[in-house]
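For what it's worth, this note's numbering labels the leading residue of the sequence shown as 21, then goes sequentially.
Since the structure comes first, as structure tokens, the remarks are kept for the end.
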Amino acid sequence: MEEKKFDLNSIIGFALIFVIILWMMYNNRESEVKQQKKATTEKAIEAKVKQEATKDVAKTITDTTVADSVKIQKLKGTLGSFAYSATLPSAKDDFTVLENEVIKLKIANKGGFIAEAILKDFKKIDKNSKELVALIQNKNANFNLQFQTKDNRVLNTKDLFFEPSLSKVGSNQILSMKLKSGENSFLEYKYVLKPNEYMLDFDLKTQGLTSVLNNQETADLQWDLKTYRNEKSISYENRYAELYYENDGKVDYAGLGKQEDDILEKVTFIAYKQHFFSSILLSQTPVENVKISSTDLVNDEKIDTVFTKNFKSTLPLAFKNGELDYEMNWYLGPTDYKVLNDYDKNIEEIVPLGWGIFGWINIFIFVPLFGFLSSFMGLGIAIIVFTILIKIAMSPITFKSFLSQAKMKVLRPEIAEIGEKFAKDPMKKQQETMKLYSKAGVNPMAGCIPALIQIPFMYASFQFFPSAFELRQKGFLWADDLSSFDEIYKLPFHIPVYGDHISLFPILASIAIFFYMKMTSGDQMMAQPPQEGMPDMAKIMKIMIYLSPIMMLLFFNNYGSGLSLYNFISNLITIGIMIVIKRYFIDSDKIHAQIEENKTKPKTESKFQRKMREMMEQAEAQKQIQKKKK
């Protein structure tokens, strides 16, 4: 059996293994200690961070509270109890949008008023423009309610922040803007916008402010507006821009001067009317002692090209039991007679259609007839058809006028004989002339009465076409806007009264009126017998033949082309009717034979003829008495 020997290499190997195991165990322990220390350290850091964060939050809250407290104290120095509103989240320059199919409104937190009103269906100045009509924009408007507080401060709401609250009831958008002096004490503006409406419901009321406000009887509501230019011709647009109001049930306007001021009683609406757009504030409760002001801003149409008028109003709103409570409306939209009339609030009367019979003709004939025609045909064609229908309706009157002139023309030689026979006795001449008229069955006034009947229709047209909203930016032939001038050539200089451009429709209208007067003046001069001591009518008529077309050309060059088109077509049709009547309906020989036959028939005097005869006989008797006394 072999003897075992001690293996040094094995001992060394085991020793090395043991050392390695010990080293590994030591390292593992060291790692665990480090991990524990690290975990402990991280927990400590986390705890410290949380603690510091808590301290910071607490400090922030404390600082904010202190800051707000300081802020409130500072604001109370100027705003009094209304400092509460200045600490609300809404106390910043922000806006709330109200929008429907036709209008977009931006209501500002500061002041609670409309900061922007954009009409979505209408372009500014030109139909190809990308800019929409803006009635309120870029601080051109001011709306302010002025209060007096118990500590004798004067506060203006335009400087204070309102708290907005937007809601929807059905399809109506409702925006409540509250200026608060406390949680349950406030001034509120409430806007209600309905679908497809230009008219806003606007309620203004206070709640719980009796302890804040001074015992004042009224609070002044200040409403200012600088009206933007929206049309091609600023001078033509400015001519129709005016401040209208309803005062004690009657609609009137401020006047056409450079500066107009007035104080009104029992006002139920104020309208800042531009040519084709208006801003109207209505109150169901009449307001007393309203101050209004209108200032013309167009001194030079080459320089003053942005604004037309500056309108201002101050409405003293009366407190009832220490509070304000007014139900109002706000209209921001087109000055369209049909649109305004649909609201049944009398605001359609701001459209200047004329007074008395002129207004009746427009309201009951022109507006419905033109509205009907323009509903299914182009505006230019509608004007032509409209003019034809009016002239056809007036043709019987035109016929009577021409017939009377023809009869007077036939009698002219006999009237001239009477004039020569009684040249030294004007009274006798007049009596014999009246007898001739009676025997012949001719009424010398018959030619004048038809002409007088046509005058109201002519004047009504001068009111209707500049006010016809339908014409705005509607083109016809070379005219791109029938509500403005139809420029065909831009002049390199400015002619006083005429302007700096050439419009074609006024030229055509002037030519038509020249030939019309040329045709009628001859008959009128032949029909009218010469009167001793009277002006030479022949010379006057010759002057008028040339003067009337020149006046038409000068004044209508800057008017709306729709009116010039109407006058051109009207005179053209009248010329045609005259030619037809003279050629086919009036025969001088037949008229002469009829007059001679009438002379042989017994005549009964009319009341008018008898009265005229009696007056002349009395005058003759007085004359004879005066001669005997001498």
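Even for Gly, the Cβ is constructed at its ideal location relative to N, Cα and C.
For clarity, every value in this text was computed on a predicted model and none was experimentally measured.
TODO: Between the Cα of Leu-263 and those of Ile-367, Ala-239, Ala-338, spot the shortest distance and give me the residue it belongs to.
DONE: Position 243 of the sequence shown holds residue 263. Ranking the options by Cα distance to Leu-263, first place goes to Ile-367.
Open item on the list: Please state whether the Cβ-Cβ distance between Thr-177 and Asn-162 is less than 8 Å.
Closed with: Counted from its first residue, the sequence shown places residue 177 at position 157. Counted from its first residue, the sequence shown places residue 162 at position 142. In this structure, Asn-162 does not lie closer than 8 Å to Thr-177 by Cβ.
Open item on the list: Is the separation between the beta-carbon of Leu-592 and that of Ala-499 shorter than 8 Å?
Closed with: For the purposes of this step, residue 592 is identified with residue 572 of the sequence shown, where counting begins at 1. For the purposes of this step, residue 499 is identified with residue 479 of the sequence shown, where counting begins at 1. For Leu-592 and Ala-499, no; Cβs fall outside 8 Å.
Task: Proximity test, Cβ basis, 8 Å: Lys-293 and chain D - done: Annotation note: the requested chain D is absent from the structure, which comprises a single protein chain.
- [ ] Report back the beta-carbon spacing between Phe-485 and Gly-580 to the nearest angstrom; my notes put them in contact at under 8 Å.
- [x] In the sequence shown, counting from the first residue as 1, residue 485 sits at position 465. In the sequence shown, counting from the first residue as 1, residue 580 sits at position 560. About 6 Å; that satisfies the 8 Å criterion.
- [ ] Using the DSSP secondary-structure output, state which residues sit across from Leu-125 in a beta bridge.
- [x] Position 105 of the sequence shown, counted from the first residue, corresponds to residue 125. Assignment of beta-bridge partners to Leu-125 by DSSP yields Leu-118, Ala-137.
Task: Beta-carbon spacing of Asp-356, Phe-142 below 8 Å - done: Mapped onto the sequence shown, residue 356 falls at position 336. Mapped onto the sequence shown, residue 142 falls at position 122. Cβ distance not < 8 Å, so Asp-356 and Phe-142 don't count as in contact.
- [ ] Return yes when the Cβ of Val-310 is within less than 8 Å of the Cβ of Leu-337, no when it is not.
- [x] As a position in the sequence shown, residue 337 is number 317, starting the count at 1. As a position in the sequence shown, residue 310 is number 290, starting the count at 1. Not closer than 8 Å, so no.
Open item on the list: Do Ile-597 and Thr-407 count as a contact pair if the criterion is CB distance below 8 Å?
Closed with: As a first step, residue 407 is located in the sequence shown; it is residue number 387 there, counting from the start. As a first step, residue 597 is located in the sequence shown; it is residue number 577 there, counting from the start. Their beta carbons are not under 8 Å apart, which means Thr-407 does not touch Ile-597 by this criterion.
Task: alpha helix (DSSP H) segment containing Asp-362, residue limits - done: Stepping through the sequence shown from its first residue, residue 362 is reached at position 342. Following the DSSP letters along the chain, one finds Asp-362 inside the alpha helix (DSSP H) bounded by residues 357-362.
Task: Cα-Cα separation, Lys-210 to Val-371 - done: In the sequence shown, the residue the question calls residue 210 occupies position 190. In the sequence shown, the residue the question calls residue 371 occupies position 351. Rounded to whole angstroms, the gap between the alpha carbons of Lys-210 and Val-371 is 29 Å.
Open item on the list: List, from N- to C-terminal side, the beta strand (DSSP E) runs of 3 residues or more that fit wholly inside the stretch 170-196.
Closed with: Qualifying beta strand (DSSP E) stretches, in chain order: 174-176, 183-189.
TODO: Within the same chain, show all residues whose beta-carbon is closer than 6 Å to that of Pro-526, passing over the 5 residues directly before and after it, in chain order.
DONE: Translated into positions along the sequence shown, residue 526 becomes position 506. Correct list, in chain order: Leu-573, Phe-576, Asn-577, Ser-584.
Open item on the list: Short of 6 Å in beta carbon distance, which residues of its chain neighbour Leu-335, apart from the five on each side in sequence? Order them along the chain.
Closed with: Working through the sequence shown from its first residue, we reach residue 335 at position 315. Cβ neighbours of Leu-335 beyond the five flanking positions: Leu-241, Val-307, Val-310.
Task: Presumed contact (8 Å Cβ cut-off) between Ala-128 and Leu-352, rounded CB distance - done: The sequence position of residue 128 within the sequence shown is 108, counting from 1. The sequence position of residue 352 within the sequence shown is 332, counting from 1. About 15 Å; that fails the 8 Å criterion.
Task: Residues near Gln-294 by beta carbon distance below 6 Å, same chain, minus five either side - done: The residue you call residue 294 lines up with position 274 of the sequence shown. Once the five neighbours on either side are set aside, the close Cβ partners of Gln-294 are Thr-247, Ala-261.
TODO: Report all residues from its chain with a CB closer than 7 Å to the CB of Ile-473; omit the five preceding and five following residues, and keep chain order.
DONE: Here residue 473 refers to the residue found at position 453 when the sequence shown is read from its first residue. Cβ neighbours of Ile-473 beyond the five flanking positions: Ile-417.
Task: Separation of Lys-170 from Phe-331, as counted between CA atoms - done: Here residue 331 corresponds to residue number 311 of the sequence shown, with the count starting at 1. Here residue 170 corresponds to residue number 150 of the sequence shown, with the count starting at 1. One C-alpha to the other measures close to 32 Å.
Open item on the list: Only counting the same chain, and skipping five residues up and downstream in sequence, which positions put a Cβ closer than 8 Å to that of Asn-120?
Closed with: Here residue 120 is taken as the residue at index 100 of the sequence shown, counted from 1. Once the five neighbours on either side are set aside, the close Cβ partners of Asn-120 are Gln-193, Leu-213, Lys-214, Pro-215, Asn-216, Glu-217.
Task: Ile-599, buried or exposed, once every other Cβ within 10 Å from all chains shown has been counted against 16 - done: Residue 599 sits at position 579 when you count from the first residue of the sequence shown. Exposed, because fewer than 16 other Cβ atoms sit within 10 Å of the Cβ of Ile-599.
Task: Collapsed DSSP secondary structure at Gln-294 in the structure displayed - done: Position 274 of the sequence shown, counting from 1, holds the residue named residue 294. Three-state result, Gln-294: coil.
- [ ] Could you pull out every residue in the same chain whose Cβ sits closer than 6 Å to the Cβ of Leu-528, ignoring the five residues on either side in sequence?
- [x] The residue given as residue 528 occupies position 508 in the sequence shown. If you ignore the 5 residues before and after Leu-528, its C-beta comes within less than 6 Å of the C-beta of Phe-588, all in its own chain and listed in chain order.
Task: Where Tyr-346 falls: helix, strand or coil (DSSP) - done: What you label residue 346 is simply residue 326 of the sequence shown in a count that begins at 1. It is a strand residue.
Open item on the list: For Lys-602, report the span of its beta strand (DSSP E) as first-last.
Closed with: Working through the sequence shown from its first residue, we reach residue 602 at position 582. Per DSSP, Lys-602 belongs to no beta strand (DSSP E); it is in the alpha helix (DSSP H), 581-604.
Open item on the list: I'd like to know if the stretch 245-259 and the stretch 502-515 are in contact, where contact means that at least 3 CB-CB pairs between them fall below 8 Å.
Closed with: Flag = yes, the stretch 245-259 and the stretch 502-515 touch.
- [ ] State the DSSP-derived secondary structure class of Leu-399, mapped to helix, strand or coil.
- [x] Taking the first residue of the sequence shown as 1, we reach residue 399 at position 379. Helix.
Open item on the list: I need the straight-line Cα distance from Ser-231 to Gln-168, nearest angstrom please.
Closed with: Reading the sequence shown from its first residue, position 211 is the one you call residue 231. Reading the sequence shown from its first residue, position 148 is the one you call residue 168. Each residue's CA atom was taken as its position, placing Ser-231 and Gln-168 some 12 Å apart.
Task: Residues near Phe-390 in its chain [Cβ-Cβ closer than 6 Å; skip 5 each side] - done: For the purposes of this step, residue 390 is taken as the residue at position 370 of the sequence shown. Only Phe-406 meet the Cβ criterion.
Task: Separation of Thr-328 from Glu-321, as counted between CA atoms - done: The residue given as residue 321 occupies position 301 in the sequence shown. The residue given as residue 328 occupies position 308 in the sequence shown. Rounded to whole angstroms, Glu-321 to Thr-328 spans 10 Å at the Cα level.
Task: Helix, strand or coil at Trp-498 according to DSSP, with G and I counted as helix - done: For the purposes of this step, residue 498 is identified with residue 478 of the sequence shown, where counting begins at 1. Coil at Trp-498, not helix or strand.
- [ ] Can you tell me which of the three DSSP states Pro-516 falls into?
- [x] Along the sequence shown, read from residue 1 onward, the residue named residue 516 stands at position 496. Pro-516 falls in the coil class under three-state DSSP.
Task: Simplified DSSP assignment, three categories, for Pro-372 - done: Within the sequence shown, numbered from 1, the residue matching residue 372 stands at position 352. If DSSP states are grouped into helix, strand and coil, Pro-372 belongs with coil.
Task: Candidates Met-414, Asn-235, Leu-511, Leu-360: closest to Ile-475 by CA position - done: Within the sequence shown, residue 475 is the residue found at index 455, counting from 1. Distances from the alpha-carbon of Ile-475 to those of Met-414, Asn-235, Leu-511, Leu-360 put Met-414 closest.
TODO: Could you pull out every residue in the same chain whose Cβ sits closer than 7 Å to the Cβ of Gly-342, ignoring the five residues on either side in sequence?
DONE: Here residue 342 refers to the residue found at position 322 when the sequence shown is read from its first residue. Within the same chain, Gly-342 has close Cβ partners Thr-230.
Open item on the list: So, for Val-517: in the same chain, excluding its five sequence neighbours on each side, which residues have a beta-carbon less than 8 Å away from its beta-carbon?
Closed with: The count along the sequence shown starts at 1 and reaches residue 517 at position 497. Setting aside the 5 residues that flank it on each side, Val-517 is surrounded in the same chain by Leu-574, Phe-575, each with a C-beta closer than 8 Å to its C-beta; the list follows chain order.
Task: Cα-Cα separation between Gln-236 and Val-174, rounded to whole angstroms - done: Position 216 of the sequence shown, counting from 1, holds the residue named residue 236. Position 154 of the sequence shown, counting from 1, holds the residue named residue 174. Between the alpha carbons of Gln-236 and Val-174 lies a gap of roughly 12 Å.
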